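Presented below is the structure to which this report refers.
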Amino acid sequence: MTDWLNDDQLEARIMCDRLVEPTGMALNSIQPASVDMHLGDSLLVQKPGQVINMQYPERIQYTGTEHVGEFQLKPGAFILGTTQETVNCPVDLVGQLVGKSTVARHGLFVHVCAGFIDPGFSGQITLELYNASSNTLVLTPGMTIAQLVFSKIDPPAYPYGSKEAGSHYQFQTGATAPKGDLK
1 MTDWLNDDQL
11 EARIMCDRLV
21 EPTGMALNSI
31 QPASVDMHLG
41 DSLLVQKPGQ
51 VINMQYPERI
61 QYTGTEHVGE
71 FQLKPGAFIL
81 GTTQETVNCP
91 VDLVGQLVGK
101 STVARHGLFV
111 HVCAGFIDPG
121 FSGQITLELY
131 NASSNTLVLT
141 PGMTIAQLVF
151 SKIDPPAYPY
161 GSKEAGSHYQ
171 FQTGATAPKG
181 DLK
């Protein structure tokens, strides 16, 4: 059984460790066992019609948008987004990003599969947004989009961000395209 942090523990870690920033926003977003996360204003949209070799992510072409207002996500469309918040996961915690129930009930996947946050990670969270509904969904910066849960873990020998861990996304800001290789 996983020991998830509760609201009191989350508040203490936000205040002490800057677990989620900005602090004021994070404190107002604490739920019984999670912290609500909000959609940022940075999006990356893959140019259509590409043949993508996932071993060479640097070859993928994107249309990037910064400081976007409302964005209409068409049925079956996939984009990369970001959270407004920055997460600073200490080495004794591990995080998991999950979609909000209300968002999921509209048919929006907030992360396709990469919702795990390693001990030592610091940065904004890139969201893998997929519209599984038959309707166009309007995404607005600042809307509650996901929730973040944390559990305690024994500190790893090589936390995320260490040279040995081979981390690609440490200190990322905004919607971040794939990096590194899958070789």
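Quick note on UniProt numbering: the sequence shown kicks off at 1 and runs consecutively.
Beta carbons: idealized from backbone N, C-alpha and C, even for Gly.
Every value quoted in this text rests on a predicted model; they were computed, and no experiment measured them.
Taking DSSP as the reference, what is the three-state secondary structure of residue i?
| i | result |
| --- | --- |
| Asp154 | coil |
| Glu85 | strand |
| Ala146 | strand |
| Met54 | coil |
| Gln9 | helix |
| Glu70 | coil |
For residue i, which option in the options has the closest C-alpha, if you only look at C-alpha atoms?
| i | options | result |
| --- | --- | --- |
| Thr136 | Ile52, Gln72, Ala26 | Gln72 |
| Gly64 | Leu80, Met37, Met143 | Leu80 |
| Ala165 | Val138, Gly120, Phe150, Gln124 | Gly120 |
| Leu44 | Gln55, Ile52, Gln61, Val51 | Gln61 |
| Val112 | Leu129, Val103, Arg13, Gly123 | Leu129 |
| Asp118 | Ala12, Pro75, Gln31, Tyr160 | Tyr160 |
Buried or exposed: where does residue i fall if 16 or more other Cβ atoms within 10 Å of its Cβ makes it buried?
| i | result |
| --- | --- |
| Pro48 | exposed |
| Thr82 | buried |
| Ser34 | buried |
| Asn131 | buried |
| Ser134 | exposed |
| Ile52 | exposed |
| Val138 | exposed |
Express the C-alpha separation of residue j and residue i in angstroms, rounding to a whole number.
| i | j | result |
| --- | --- | --- |
| Cys89 | Gly95 | 7 Å |
| Val68 | Met15 | 30 Å |
| Ser167 | Leu127 | 18 Å |
| residue 271 | Val91 | Beyond the ends of the chain as shown, which are 1 and 183, falls residue 271; an answer cannot be given. |
| Thr140 | Asp41 | 8 Å |
| Leu39 | Gly142 | 5 Å |
| Glu21 | Gly123 | 10 Å |
| Pro75 | Glu85 | 27 Å |
Would you say the beta carbon of residue i comes nearer than 7 Å to a heavy atom of the ligand HEM?
| i | result |
| --- | --- |
| Ile125 | Absence of the ligand HEM from the depicted structure is noted, as is the absence of any ligand whatsoever, leaving it without description. |
Problem set entry | Runs of beta strand (DSSP E) lying entirely within the segment 14-46, each at least 3 residues, in chain order | If we require 3 residues or more, the beta strand (DSSP E) runs fully inside the segment 14-46 come out as 35-38, 42-46.
Exercise. Going along the chain, which unbroken runs of the alpha helix (DSSP H) with 4 or more residues stay wholly within the segment 83-124?
Worked result: The qualifying runs are 101-105.
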